[in-house]
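A.B. asks: One structure follows; several queries about it will come next.
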Amino acid sequence: MIFVTVGTQLPFDRLIRSMDQWAHESKHDVFAQTGNGVYKPMNIDSMKFLGVKEFDRRVSQADLLVSHAGIGSIITAMEMSKPIVVMPRLARFGEHRNDHQLATVSKLKELNNVFVAESEHDLGNAIREALDHTKTELNTAPTARAALVTSISDFISSDKVRLASDR
Numbered sequence: 145m146i147f148v149t150v151g152t153q154l155p156f157d158r159l160i161r162s163m164d165q166w167a168h169e170s171k172h173d174v175f176a177q178t179g180n181g182v183y184k185p186m187n188i189d190s191m192k193f194l195g196v197k198e199f200d201r202r203v204s205q206a207d208l209l210v211s212h213a214g215i216g217s218i219i220t221a222m223e224m225s226k227p228i229v230v231m232p233r234l235a236r237f238g239e240h241r242n243d244h245q246l247a248t249v250s251k252l253k254e255l256n257n258v259f260v261a262e263s264e265h266d267l268g269n270a271i272r273e274a275l276d277h278t279k280t281e282l283n284t285a286p287t288a289r290a291a292l293v294t295s296i297s298d299f300i301s302s303d304k305v306r307l308a309s310d311r
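The sequence shown runs 145 to 311 under my numbering.
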């Protein structure tokens with residue numbers, strides 16, 4: 145099963161619409177947490193929001209996560225050793241206040257089990273790559289994984305500070 149999340153702060157109809165179309169064409173089992181978006185998917189099961197336990201259950205059952213490029217979703221995938229496809233929200237579509245998620249994905253491309261779709265046009269290829277990827281999971285000790293997550297979080301936070309000062 146593929147689990148899609150857009151986070152809780154902002155809608156991301158472009159991602160949900162793209163996943164709905166992809167699910168129709170691919171026939172994969174997809175479940176999405178859609179947030180307060182306007183688009184209603186026809187080919188995937190979905191709910192606007194999930195409680196913490198249900199969210200964790202869906203992530204645990206998923207073979208792959210697909211998400212906006214929010215650090216919370218990325219850290220969740222890493223903590224649960226799940227591959228993740230991330231697609232950044234873009235300010236020009238009103239999906240976020242700025243394009244800090246572009247900076248996030250440019251840094252995350254090099255990580256194992258993180259696959260980047262820079263736009264909806266790249267999403268299908270990124271999903272196929274993630275599904276075909278021989279699962280080289282993060283086989284690190286929990287403390288090493290925690291240190292990695294902390295380092296990534298710190299790095300992204302410092303990049304956000306830089307982007308905010310550029311405004």
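From the three backbone atoms N, C-alpha and C, an ideal C-beta is built for every residue, glycine too.
Going by DSSP, what residues sit across from F199 in a beta bridge?
C.D. replies: In the DSSP output, where bridge partners are listed per residue, F199 has none listed.
A.B. asks: Looking at D207: is its Cβ nearer than 9 Å to the Cβ of Y183?
C.D. replies: no
A.B. asks: Is it buried or exposed for R233, if we count other Cβ within 10 angstroms and need 16 for buried?
C.D. replies: buried
A.B. asks: Mind checking M222: buried by the 16 CB within 10 Å criterion, or exposed?
C.D. replies: Buried, because 16 or more other Cβ atoms sit within 10 Å of the Cβ of M222.
A.B. asks: Is DSSP giving V293 helix, strand or coil here?
C.D. replies: helix
A.B. asks: Between I146 and F299, what straight-line distance do the alpha-carbon atoms span, to the nearest angstrom?
C.D. replies: 28 Å
A.B. asks: Would you mind stating whether S204 and T149 have Cβ atoms separated by less than 9 Å?
C.D. replies: no
A.B. asks: I'd like to confirm the pairing. Which residues does DSSP put opposite D191 in its beta bridges?
C.D. replies: Correcting the residue identity first, residue 191 is Met in this sequence and not Asp. Q177.
A.B. asks: Is the distance from the Cβ of V229 to the Cβ of S211 below 9 Å?
C.D. replies: yes
A.B. asks: Would you say T178 faces chain B, with C-beta separation under 9 Å as the test?
C.D. replies: Note that chain B does not occur in the displayed structure, where there is just one protein chain.
A.B. asks: Can you grab the Cα-Cα spacing for the pair G179 / E254, in whole Å?
C.D. replies: Each residue's alpha carbon lies about 29 Å from the other.
A.B. asks: When you compare only the Cα positions, how much space is there between H265 and T294?
C.D. replies: 31 Å
A.B. asks: From the DSSP secondary-structure annotation, give me the bridge partner or partners of V229.
C.D. replies: In the DSSP assignment, the residues bridged to V229 are V210, F259.
A.B. asks: Excluding the 5 residues preceding and the 5 following N257 in the sequence, name in chain order all residues of the same chain whose CB lies nearer than 6 Å to its CB.
C.D. replies: Only P227 meet the Cβ criterion.
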